[in-house]
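K.L.:
Take a look at the following structure, please.
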DNA sequence: GCAACAAAGTAGACGACGACAACAAAGATG
DNA sequence: CATCTTTGTTGTCGTCGTCTACTTTGTTGC
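Chains as they are written, first to last, in this note's numbering: chain A, 848 to 1045; chain B, 848 to 1045.
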């Protein structure tokens, strides 16, 4: 009935949604609380009720991003069947896809991590990466990967994926070559990780 | 004689130097043209004579960064002697060291690349990466790496280095484990890249 | 030498932003 | 239905990037 009731109802989620869209389109730097408020149709300081400052909004976005990333990784791995290598390739593909399609989001997600290791953000990010650890552990059980701390073994793989994504978003390599590059990297990783001799 | 002559003399380099220090200490986001001018002791709009806008200053910083990076890589490789693997490990170590010590710089260097593929910035960045290509080519000649376009072969390696740096600066892995992680990654890369059988 | 000109720095203004404080409206609670 | 809390509004402050107009210094040609 009322075009704009005094209470928005769910301003917080509306702000986050709009912020995600803006970040995707124009980058983190261009995200302005005031413009956000305008787009959502509230006064310039209404967001303050939900986010103490700009960084608080960014943290909330990061949290949201980790949830989405975790869900996408999980879905990709689950859809890849039971074979280790297929699951690994699906995982890597899904990660790099997210990293390139939502580059600004990922940047934001990693930027915040350096300051405060506690809190909900850290928890949800751990949950996202747990999928990786599972797949690594599977590879170790099957002898396709060397033994040892899955986290340590997985770090190199994860680093490579992250780096490939950085090359794409940095414009150093064409996005068209993405799949091939990922496939190469995985192949190389598997060859190098298989403990010498069968 | 005069405490502050009207003409600064080399304002441009003074600004760049101060900007580099600030970026290193407080990050790109906190870099303000006005504060920079204050620190150097000129009026708030003096920097405009040397940098059309904030982005122009950032580009200049990036260019400077690529020069420094290239020099450090070159020095590290040259100091490592003639053996391929030693050179490769020195190269990787030097890169990751730069990437972690000057994380904000590197971020800035990569951020600018996406927009304008031409210009001096692109050129100096190519020169920095030429060291990598040389080392890769040497490895191929000696049969330690698979044949093919050096750029393509090196991309995966470079991506891994970049990713490791991202893990460090993102706080996902302790900086103390850096050297070990790099060594592992190189070992893995070499095992995986050596064309099957001798 | 000096007049004209270019280069380099200054002064002031504008609009936008993040942050803050004081106030108002709408719900929730007793 | 009176009170309290939540949520949104209005107004202000200091800072920032950018722009325009002006001033000072150095250079160049006669």
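Built from N, CA and C at the ideal position, the CB exists for glycine as well.
#1: Quick check on the DSSP output: the alpha helix (DSSP H) that includes residue 912 of chain A runs from which residue to which?
#2: From residue 970 of chain B to residue 876 of chain B, what does the alpha carbon distance come to, in whole angstroms?
#3: So residue 920 of chain B and residue 1000 of chain B are in contact, right, with Cβ under 8 Å, and what is the actual spacing, rounded?
#4: Can you tell me the Cα-Cα spacing of residue 1005 of chain B and residue 858 of chain A, whole angstroms?
#5: Comparing the C-beta of residue 983 of chain A with each C-beta of chain B, is any distance below 8 Å?
#6: Rounded to whole angstroms, what's the CA-CA distance from residue 954 of chain B to residue 1002 of chain A? Just pull it up for me.
#7: Counting beta carbon pairs with one atom in the stretch 1009-1021 of chain A and one in the stretch 935-953 of chain A, are three or more of them shorter than 8 Å?
#8: If the criterion is Cβ atoms closer than 8 Å, does the pair residue 907 of chain A and residue 894 of chain A meet it?
#9: If you draw a straight line from the alpha carbon of residue 950 of chain A to that of residue 912 of chain A, how long is it in whole angstroms?
#10: If you measure from the beta carbon of residue 866 of chain B to each beta carbon in chain A, is any gap under 8 Å?
#11: By the three-class DSSP mapping on this structure, what secondary structure does residue 943 of chain B have?
#12: Do you know how far the Cα of residue 866 of chain B is from the Cα of residue 1024 of chain B?
#13: Helix or strand or just coil, what does DSSP make of residue 849 of chain B?
#14: For the 8 Å Cβ check, are there 3 or more pairs between the stretch 974-990 of chain A and the stretch 933-943 of chain A?
#15: Measure the CB-CB distance between residue 1036 of chain B and residue 1039 of chain A and report whether it falls below 8 Å.
#16: Relative to the C-alpha of residue 972 of chain B, which candidate in A/957, A/927, A/1019, A/987 has its C-alpha closest?
#17: Do residue 957 of chain A and residue 1017 of chain B come within 8 Å of each other at the CB atom, strictly closer than that value?
#18: Between residue 1020 of chain A and chain B, is any beta-carbon pair separated by less than 8 Å?
#19: Measure the Cβ-Cβ separation of residue 975 of chain B and residue 917 of chain B and say whether it is below 8 Å.
P.N.:
Taking the definition as stated:
#1: Per DSSP, residue 912 of chain A belongs to the alpha helix (DSSP H) from 901-925.
#2: Roughly 26 Å between the two C-alpha positions.
#3: No, residue 920 of chain B and residue 1000 of chain B are not in contact; Cβ-Cβ is about 17 Å, not under 8 Å.
#4: Cα to Cα, the separation comes out at about 43 Å.
#5: At a cut-off of 8 Å, the C-beta of residue 983 of chain A has no neighbouring C-beta in chain B.
#6: Taking the straight line from one Cα to the other gives about 21 Å.
#7: Yes: at least three Cβ pairs fall under 8 Å.
#8: Taking the C-beta atoms as reference points, residue 894 of chain A is found no nearer than 8 Å to residue 907 of chain A.
#9: Their Cα atoms are separated by approximately 11 Å.
#10: Taking Cβ atoms only, chain A never reaches closer than 8 Å to residue 866 of chain B, which makes this a no.
#11: Residue state, collapsed to three classes: helix.
#12: Cα to Cα, the separation comes out at about 30 Å.
#13: Residue confidence is low: residue 849 of chain B scores 42 on pLDDT, short of 50, so the model does not pin down where it sits. No coordinate-derived value is stated.
#14: Yes, the stretch 974-990 of chain A is in contact with the stretch 933-943 of chain A.
#15: Yes, these two residues count as a Cβ contact at 8 Å.
#16: Nearest C-alpha to residue 972 of chain B: A/1019.
#17: Going by C-beta atoms, residue 1017 of chain B is nearer than 8 Å to residue 957 of chain A.
#18: Judged by the 8 Å Cβ criterion, residue 1020 of chain A is in contact with chain B.
#19: Cβ atoms of residue 975 of chain B and residue 917 of chain B: closer than 8 Å.
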